[in-house]
Amino acid sequence: MITQLHHLVVVSPVIYLRARDMQNLYPVSLQVRGFGGTGHTLDSKISCFKSTRPPSPLFASRVSRVAKTEAQDVLFDYLHCTRSYSFTDAEHISKNSPRFIQDLLSKIDSEKDVVRSLTKFLRYNPINEFEPFFESLGLSPSELPSLLPRNLMYLNDDHLMLENVHILCNYGIPRGRIGRMYKEAKEIFGHDYGVLALKLQSYENLDLSKSTVIKLVSCCPSVLVGGIDTNFVQVLEILKKLKLRNDWIGGYLTGKCTYNWRRILDTLDFLEKVGYREDQLLDLLKNNPALVFEGSGKKIYILFGRLVKLGLKMDEVYSLFIQNPKLLLERFAKNLLHAIYFLFYIGMTAEDVASIVSIHTELVFSCSLKGPKTVCKELKVGKDGLCEIIKGDSLKLFSLASKSKVKRNEQVGSQDPRKRMEKTDFLLRLGYVENSDEMMKALKQFRGRADQLQERFDYLVQAGLDFNVVSSIIKQAPMVLNQSKEVVEKKIDCLTKCLNYPLESVVAFPAYLCYDLERIKHRFSMYVWLRERGVAKPMLSLSTLLACSDARFVKYFVNVHPEGPAMWESLKKSSTAS
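Using the numbering used here, you'd call the opening residue of the sequence shown number 599 and step up by one each time.
Listed below in structure tokens is the structure:
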């Protein structure tokens, strides 16, 4: 009777535990009273294995290598022979779950016969098979509690999960990376039979090699959730337009990063919007791809955000990027951010910092500055003293703090009193207030001599715009006067002769006169071609035609006509040939 009762007590918890949540199991006590009417009372403790409790460091250090190897063999036999998992699965799990193995050994006397003791232990103590399985896929024990499925303890209870893991393995994705994929995009492992394989193939159909697809899905598993990632596809289209092979991107994907393709696409659109030509964007991606891909363009947004926080207006920031395309290269961006930090450290106000950045943009991003503490020590002044020196003459920032001497002609040209006075007189005629911050900023925003600026201004007035209107345009888009009269004249000809738009159209969108002439010609010619065929609406705004990215322009102004793509390519080729 005692033997029978003991058997009942051991088997019953297994049935009981299968119906319970196996994620957090603790030793429980089962008491059986009056079995079979005999009046006997039997207390028997049944130990249920809780492997998420890590063994003590002391125990882990004293377990021999032989004992660990024997424990791996026992776990392999259990998974392969008892549980009927494939040889490959059982071997990988048993050899790549060290913490689980240590925890198993902590349940027995590892100084005695490990194989016999552990085999007996597993015979009477069910384990949650997901624990060693997930650990073997690269997840740490601390990550398991939130990932273990509830109400399941056997791997083959989740057959879809196992099937999708096998598909990923067979495709060539290392098992050690699959754990991270499970953690970041669990939905992948619920795909029905065959679905995941089709999704992987759909990315190969984008002219991506298998190795690139493996890198892509390993670091961005979300691309396998839902339909094909349209943001990623649009990024590939931009790269293709820049004459970069689709597989080029594979060289810059790393398993250590997660990529936000929506934000990368926005970053590339932003670069187009601020005026980066295709050749400039190509150089940027080739020379500094990390700027766009590492952090998904975060560095660009940080730089842009810092400038906006200084108090610069959006169009002023755009103008900075347009006039200084090198600004986004890592070395120059680093110099700019360090200069801003330097000025804030010595106590300068945001308004004064913005003024220096606007006036001396090229010097700010070109010069590598020493640390503010070093400069204070060299000059034997405090932060306040250094701040007053630079506020009195902003060029002192570069002559005193630059690691390399600023070119003499750059300083002299900026300090020439005669040229400065002529520019001041010109700006006063435009309505700037003498000695105002706006005046100080404008003195350095406008390039060229005062007579050159006046000539360009007069041309706009002679072309038919009111004097006050031109003054307003110049204040909104200072770069207009930084272009030669001939360039401005060509842009106005494109507007009035190609589109037949009135000159006053630039009043609503002054930035038109700042756009690259090639961009204007291409887009206007395409728009006129569509308009002649009745596909495009007449008199669309200039901002609609020019401010959108190339990808959006192609979508809404090229692909809307069957012959549109061929015409678009023809326009670009004719421009290149000329």
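Glycine included, each C-beta is placed from N, C-alpha and C at the ideal position.
In chain order, what residues of the same chain have a beta carbon less than 7 Å from the beta carbon of residue i, not counting five sequence neighbours either side?
i       : result
Lys1005 : Model confidence at Lys1005 stands at a pLDDT of 42, short of 50, so the residue's coordinates are unreliable; what they give is reported in the following sentence. If we look at Lys1005 and ignore the five residues flanking it on each side, it has no Cβ neighbours.
Phe674  : Ala688, Glu689 and Ser692
Val915  : Phe902, Leu905 and Val906
Gln1052 : Phe1024
Gly980  : Cys974
Arg875  : Asp1114
Ala952  : Leu908, Gly909 and Leu910
Val612  : Confidence in Val612 is poor, its pLDDT being 35 and thus under 50, which makes the residue's placement too unreliable to answer from.
Lys871  : Ala1145 and Ser1147
Val1010 : With a pLDDT of 36 at Val1010, under the threshold of 50, the modelled position of this residue cannot be trusted; read the value that follows with caution. Correct list: empty, nothing qualifies.
Phe830  : Val821 and Trp859
What span of residues does the alpha helix (DSSP H) with residue i cover, start to end?
i       : result
Lys718  : Val712 to Tyr722
Thr686  : Phe685 to Lys693
Tyr769  : His757 to Tyr769
Ile812  : Lys808 to Cys817
Thr1142 : Leu1140 to Leu1144
Tyr752  : Run containing Tyr752: none; DSSP gives neither H nor E here.
Phe1107 : It is not in any alpha helix (DSSP H) - Phe1107 carries neither H nor E in the DSSP assignment.
Gly777  : Arg773 to Glu782
Lys1135 : No alpha helix (DSSP H) holds Lys1135; DSSP gives it neither H nor E.
Asp1064 : Per DSSP, Asp1064 belongs to no alpha helix (DSSP H) and is neither H nor E.
Lys705  : Segment: none, Lys705 is in no alpha helix (DSSP H) and carries neither H nor E.
Arg681  : Taken as a continuous stretch (DSSP letters only), Arg681 belongs to no alpha helix (DSSP H), as it is neither H nor E.
Leu1125 : According to the sequence shown, residue 1125 is Tyr rather than Leu. Run containing Tyr1125: Leu1115 to Glu1130, per the alpha helix (DSSP H) assignment.
Thr828  : Thr828 to Lys839
Thr667  : Arg663 to Asp675
Ser800  : Val793 to Glu802
Ile1090 : Lys1083 to Asp1091
Glu729  : Phe728 to Ser734
Ser997  : Lys994 to Ala999
Asp1148 : Asp1148 to Phe1151
As a quick exercise: from the options, pick the residue whose alpha carbon is nearest that of residue i.
i       : options                            : result
Arg1047 : Asn1066, Phe1024 and Ala1061       : Phe1024
Tyr899  : Glu876, Gln878 and Leu863          : Leu863
Leu927  : Trp846, Thr856, Thr667 and Leu882  : Leu882
Pro696  : Lys666, Ser964, His789 and Ala783  : Lys666
Gly777  : Thr1094, His936, Val763 and Asn768 : Val763
Thr856  : Leu814, Ser809 and Leu834          : Leu814
Lys932  : Lys911, Ile954, Ile944 and Ser964  : Ser964
Ser809  : Lys1001, Gly788 and Ile847         : Ile847
Asn749  : Glu741, Phe732 and Phe728          : Phe728
Cys817  : Val955, Pro724, Pro772 and Glu949  : Pro772
Leu742  : Asp711, Ile706, Lys781 and Leu716  : Lys781
Lys989  : Ser662, Thr947, Asp1091 and Thr972 : Thr947
Met751  : Lys797, Arg681, Ala1134 and Thr717 : Arg681
Gln700  : Cys679, Pro739, Lys718 and Leu735  : Pro739
Under 6 Å Cβ to Cβ from residue i, same chain only, skipping five residues before and after it: list those, please.
i      : result
Asp805 : Asn844
Ser820 : Ala783
Leu984 : Ile944 and Cys974
Phe940 : Leu967 and Pro970
Val823 : Ala783 and Glu785
Pro730 : Ile691, Ser695 and Phe698
Ser654 : Below a pLDDT of 50, predicted positions are generally treated as unreliable, and Ser654, at 47, falls in that range; no measurement from the model is reported.
Leu606 : Its pLDDT being 36, under 50, Leu606 is placed unreliably in this model, and the coordinates cannot settle the point.
Phe891 : Tyr850
I think residue i touches residue j, with their Cβ atoms under 8 Å apart; what is that distance to the nearest whole Å?
i       : j       : result
Arg1121 : Phe1151 : 6 Å
Leu760  : Leu766  : Leu760 to Leu766, Cβ: 11 Å. No contact.
Leu1026 : Ala1075 : Rounded, the Cβ-Cβ distance is 20 Å, inconsistent with contact.
Arg1054 : Leu1028 : About 12 Å; that fails the 8 Å criterion.
Thr938  : Ser992  : One point to set straight first is that residue 938 is Ile, not Thr, in the sequence displayed. Not really, about 14 Å apart at Cβ, beyond 8 Å.
Leu1101 : Leu1138 : About 17 Å; that fails the 8 Å criterion.
Ser1147 : Asp867  : 4 Å
Leu869  : Leu880  : Not really, about 11 Å apart at Cβ, beyond 8 Å.
Val1126 : Leu1144 : With 8 Å as the limit, Val1126 and Leu1144 do not qualify as a contact, their Cβ atoms being about 14 Å apart.
Asn723  : Leu746  : In fact, because the Cβ distance is near 17 Å, the residues do not count as touching under 8 Å.
Lys1073 : Phe1044 : The Cβ separation is near 11 Å, so there is no contact.
Leu702  : Ala669  : 6 Å
Apart from the five residues on each side of it in sequence, which residues of its chain come closer than 8 Å, Cβ to Cβ, to residue i?
i       : result
Tyr1057 : Lys1083, Val1086 and Glu1087
Tyr801  : Val811, Leu814, Val815, Val821 and Ile826
Arg714  : none
Val1031 : Met1037
Leu677  : Tyr683, Asp687, Ala688, Ile691, Ser692 and Glu727
Lys1170 : His1120
Glu1008 : Because Glu1008 sits at a pLDDT of 41, beneath the cut-off of 50, its placement in the model cannot be relied upon, and the point is left open.
So, is the C-beta of residue i closer than 8 Å to a C-beta in chain C?
i      : result
Gly990 : Although the question refers to chain C, the structure presented lacks it and comprises just one protein chain.
Report task. Could you name each continuous beta strand (DSSP E) segment of 3 residues or more that falls completely within the stretch 952 to 980, going from the start of the chain to the end? Result -> Counting whole runs of 3 or more residues, the stretch 952 to 980 contains no beta strand (DSSP E) stretch at all.
Query - Contiguous alpha helix (DSSP H) assignments of at least 4 residues, all confined to the stretch 1016 to 1062 - result: As far as the stretch 1016 to 1062 is concerned, its whole alpha helix (DSSP H) runs of at least 4 residues are 1035 to 1043 and 1048 to 1060.
Report task. Could you pull out every unbroken alpha helix (DSSP H) segment of at least 4 residues lying fully inside the stretch 845 to 882, listed in chain order? Result -> Correct list: 859 to 871.
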